[in-house]
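Undergrad: So that we are looking at the same thing, I have put the structure below in structure tokens.
Protein chains: 2
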Amino acid sequence: MQKELKYELHRAGLRVTGGRLALLEALRSRPHSDAETLFRSLKVKLPRTSIQSVHNVLGDLTAAGVIRRIEPAGSPARYERRILDNHHHVVCASCGSIADVDCVIGDAPCLTPSESSGYTIERAEVTFWGLCPSCQQSSHSAQSRKAPTKEKK
Amino acid sequence: MQKELKYELHRAGLRVTGGRLALLEALRSRPHSDAETLFRSLKVKLPRTSIQSVHNVLGDLTAAGVIRRIEPAGSPARYERRILDNHHHVVCASCGSIADVDCVIGDAPCLTPSESSGYTIERAEVTFWGLCPSCQQSSHSAQSRKAPTKEKK
DNA sequence: GTTGTATTTTTGAGTAATTCACGATAATGG
DNA sequence: CCATTATCGTGAATTACTCAAAAATACAAC
Chain H
1 MQKELKYELH
11 RAGLRVTGGR
21 LALLEALRSR
31 PHSDAETLFR
41 SLKVKLPRTS
51 IQSVHNVLGD
61 LTAAGVIRRI
71 EPAGSPARYE
81 RRILDNHHHV
91 VCASCGSIAD
101 VDCVIGDAPC
111 LTPSESSGYT
121 IERAEVTFWG
131 LCPSCQQSSH
141 SAQSRKAPTK
151 EKK
Chain D
154 MQKELKYELH
164 RAGLRVTGGR
174 LALLEALRSR
184 PHSDAETLFR
194 SLKVKLPRTS
204 IQSVHNVLGD
214 LTAAGVIRRI
224 EPAGSPARYE
234 RRILDNHHHV
244 VCASCGSIAD
254 VDCVIGDAPC
264 LTPSESSGYT
274 IERAEVTFWG
284 LCPSCQQSSH
294 SAQSRKAPTK
304 EKK
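Same order as they appear, the protein sequences are chains H and D. Oh and the first sequence: position 83 is 83 in this note's numbering, straight run, nothing missing. Oh and the second sequence: position 49 is 202 in this note's numbering, straight run, nothing missing.
What follows is the structure in structure tokens.
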């Protein structure tokens with residue numbers, strides 16, 4: 001299973017390093033993680049790593065197209081390995097957890113705006129906002145307005 | 154014309170102050186401005202103001218629902234006064250300029266995901282990415298990869 | 001296996017955008 | 001006009017990164 005990750009890096013023209021493999025593994029088990037979460041995860045196996053190195057790796061992998069970066073409003077950047085299809089996300093407005101949402105209609109959604117002010121449109125990004133199952137339960141008490149920082153466990 | 158702005162603040166339960174009026178005016182002439190741009194604009198009439206005060210006003214107005222905050226990836230937060238309808242945005246991938254895009258289909262777009270992992274969905278946010286008319290022209294030379302910071306004049 | 005070199009990582013400092021705290025000031029109801 | 005709050009201004013702090021340079025490492029060539 002590590003072989004597949006090594007090949008993935010190799011194919012992208014990147015050197016195979018412990019940090020990169022560990023990061024891809026971490027992203028496999030916890031998609032949509034942010035840099036800080038990944039850092040804490042990597043620290044277990046690689047105690048000498050740093051948050052800057054994690055940002056470094058994330059930047060390299062993103063630039064090489066191995067992972068994808070998403071930036072929901074009010075949250076630090078999240079990363080995911082699912083890059084082959086054009087899918088979208090639901091973000092929990094309460095806890096900030098994220099889940100994948102398949103494209104609404106086939107690959108290219110019904111998203112060709114009628115009037116685009118002369119802009120050429122290359123890509124449509126859809127973010128749904130709502131409540132995750134867990135936060136639906138605990139929505140009897142007042143919801144914290146701005147707490148979408150920690151990823152739900 | 155100022156009367157209308159005053160009433161708008163009043164109705165939202167906010168006190169009518171020079172800073173808030175000036176900010177709403179500035180947002181009228183330049184929608185999708187960021188805090189820094191608004192600050193420079195306000196400084197002309199209100200030399201004693203500060204960037205923190207602008208953030209303060211922006212926060213208050215956003216919380217009261219008088220303005221809306223949008224946060225495109227890779228850009229500081231932008232603000233707009235058009236809040237009564239559910240519209241979307243096109244962001245220029247090169248210069249970061251933003252234009253409004255009317256809802257793809259009526260008020261509620263064709264955006265009900267088939268599978269939402271148990272999330273209740275309250276709102277769909279659509280961001281189109283492309284090139285503005287001006288940047289389409291100047292796209293013969295290599296485009297800067299990460300320069301969507303300044304708003305287009 | 002050893003070596004050379006370019007890439008990566010580490011370490012440290014720096015930056016942008018925003019938030020927090022709190023005394024000073026100003027807006028509104030009475 | 002006055003009192004009471006809301007708001008503003010000032011300064012410090014925070015978050016999420018980016019940048020730079022030295023130390024370590026991966027990998028191709030021998």
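Idealized CB from N, CA, C, for every residue including glycine.
1. Which residue marks the beginning of the beta strand (DSSP E) containing Glu115/H, and which one marks its end?
2. Would you list the one or two residues that DSSP bridges to Leu284/D?
3. In three-state terms, what does DSSP make of Glu25/H?
4. Using a C-beta to C-beta distance shorter than 9 Å, which residues of chain H count as neighbours of Ile285/D?
5. Which residues in chain H have a C-beta closer than 7 Å to the C-beta of Ala188/D? List them in chain order.
6. Compare the Cα-Cα distances from Arg30/H to each of Arg82/H, Ser53/H, Ala64/H and report the closest residue.
7. Against chain H, does Lys306/D count as a neighbour if the rule is that its beta carbon must be under 8 Å from one of theirs?
8. Counting only beta-carbon atoms, is Val197/D nearer than 8 Å to chain H?
9. Work out the CA separation of Thr190/D and Val169/D for me, nearest whole Å.
10. For Ala63/H and Leu9/H, I'd like the C-alpha separation in whole angstroms.
11. Beta-carbon of Cys248/D versus every beta-carbon of chain H: anything under 8 Å?
12. Taking the C-alpha atoms as reference points, what is the distance between Ala233/D and Leu211/D?
13. Cβ of Arg46/H within 8 Å of Cβ of Gly19/H?
14. Taking the alpha carbon of Ser195/D as the reference point, which residue from Ser291/D, His208/D, Cys288/D, Ala179/D has its own alpha carbon closest?
15. How far does the alpha helix (DSSP H) with His55/H in it extend, from its first residue to its last?
16. Is the shortest distance between the beta-carbon of Arg68/H and the beta-carbons of chain D less than 8 Å?
17. Would you say Asp238/D lies against chain H (beta-carbon separation less than 8 Å)?
18. Mapping the DSSP letters down to three states, classify Ser186/D as helix, strand or coil.
19. Any idea what DSSP makes of Arg20/H, helix, strand or coil?
20. Count the other CB atoms within 10 Å of the CB of Leu237/D; is the residue buried (16 or more) or exposed (fewer)?
21. Taking buried to mean at least 16 other C-beta atoms within 10 Å of its own C-beta, is Tyr160/D buried or exposed?
22. So what's Glu71/H in DSSP terms, helix, strand or just coil?
23. Anything in chain H within Cβ reach of Thr280/D, meaning under 7 Å, just list it in chain order.
24. Flag this pair as touching only if the segment 267-277 of chain D and the segment 201-210 of chain D have three or more C-beta atom pairs under 8 Å; answer yes or no.
25. Name the two residues that bound the continuous alpha helix (DSSP H) containing Arg11/H.
26. Going by CA-CA distance only, name the one from Leu24/H, Arg68/H, Phe39/H that's closest to Asn86/H.
TA: Per the coordinate set shown:
1. Locating residue 115/H in the first sequence gives position 115, where the first residue counts as 1. Glu115/H -> no beta strand (DSSP E), and no H or E assigned at all.
2. Within the second sequence, numbered from 1, the residue matching residue 284/D stands at position 131. BP columns for Leu284/D point to Thr120/H.
3. As a first step, residue 25/H is located in the first sequence; it is residue number 25 there, counting from the start. Three-state DSSP puts Glu25/H in a helix.
4. Locating residue 285/D in the second sequence gives position 132, where the first residue counts as 1. The sequence shown places Cys at residue 285/D, rather than the Ile named in the question. What Cys285/D touches in chain H: Ser117, Gly118, Tyr119, Thr120.
5. The residue given as residue 188/D occupies position 35 in the second sequence. None at all; the shortest Cβ gap to chain H is about 15 Å.
6. Residue 30/H sits at position 30 when you count from the first residue of the first sequence. Closest in C-alpha terms to Arg30/H, from the list Arg82/H, Ser53/H, Ala64/H, comes Arg82/H.
7. Position 153 of the second sequence, counted from the first residue, corresponds to residue 306/D. Residue placement at Lys306/D is flagged as unreliable, the pLDDT there being 29, under the threshold of 50; the coordinate-derived value follows with that caveat. Taking Cβ atoms only, chain H never reaches closer than 8 Å to Lys306/D, which makes this a no.
8. In the second sequence, counting from the first residue as 1, residue 197/D sits at position 44. Judged by the 8 Å Cβ criterion, Val197/D is not in contact with chain H.
9. Your numbering for residue 169/D matches position 16 in the second sequence. Your numbering for residue 190/D matches position 37 in the second sequence. In this structure, the straight-line span from the alpha carbon of Val169/D to that of Thr190/D is close to 22 Å.
10. Counting from one through the first sequence, the residue named residue 63/H turns up at place 63. Counting from one through the first sequence, the residue named residue 9/H turns up at place 9. Distance between the alpha carbons of Ala63/H and Leu9/H is about 12 Å.
11. As a working mapping, residue 248/D is identified with position 95 in the second sequence. With 8 Å as the cut-off, Cys248/D does not count as an interface residue toward chain H.
12. On the second sequence, residue 233/D is found 80 positions in, with the first residue counted as 1. On the second sequence, residue 211/D is found 58 positions in, with the first residue counted as 1. Residue identity differs from the one stated: residue 233/D is Glu in this sequence, not Ala. Just so you know, the alpha carbons of Glu233/D and Leu211/D end up roughly 10 Å apart.
13. Here residue 46/H refers to the residue found at position 46 when the first sequence is read from its first residue. Here residue 19/H refers to the residue found at position 19 when the first sequence is read from its first residue. A small fix is needed here, since residue 46/H is Leu in this sequence, not Arg. In this structure, Gly19/H lies closer than 8 Å to Leu46/H by Cβ.
14. As a working note, residue 195/D is residue 42 in the second sequence. Strictly speaking, residue 195/D in this sequence is Leu, with Ser absent from that position. Of the candidates Ser291/D, His208/D, Cys288/D, Ala179/D, the one whose C-alpha sits nearest the C-alpha of Leu195/D is Ala179/D.
15. Reading the first sequence from its first residue, position 55 is the one you call residue 55/H. Counting along the chain, His55/H sits inside the alpha helix (DSSP H) bounded by residues 51-63.
16. Here residue 68/H is taken as the residue at index 68 of the first sequence, counted from 1. Closer than 8 Å: no.
17. Counted from its first residue, the second sequence places residue 238/D at position 85. For Asp238/D, the answer is no, since every Cβ of chain H falls outside 8 Å of its Cβ.
18. Counting from 1 along the second sequence, the entry for residue 186/D is found at position 33. In this structure, Ser186/D counts as strand in the three-state DSSP scheme.
19. Here the question's residue 20/H lines up with position 20 in the first sequence. DSSP, read as helix, strand or coil, puts Arg20/H in helix.
20. Residue numbering aside, residue 237/D sits at position 84 when the second sequence is read from its first letter. Looking at its Cβ environment, which holds fewer than 16 other Cβ atoms inside 10 Å, Leu237/D is exposed.
21. Translated into the one-based positions of the second sequence, residue 160/D becomes position 7. Label assigned to Tyr160/D: exposed.
22. Walking along the first sequence from the start, residue 71/H turns up at place 71. DSSP places Glu71/H in the coil class of the three-state scheme, outside both helix and strand.
23. Position 127 of the second sequence, counted from the start, is the residue given in the question as residue 280/D. Correct list: Glu125.
24. Flag = no, the segment 267-277 of chain D and the segment 201-210 of chain D do not touch.
25. Within the first sequence, the letter at position 11 stands for residue 11/H. 2-11 is the extent of the alpha helix (DSSP H) around Arg11/H.
26. The residue given as residue 86/H occupies position 86 in the first sequence. The shortest C-alpha separation from Asn86/H is found at Arg68/H.
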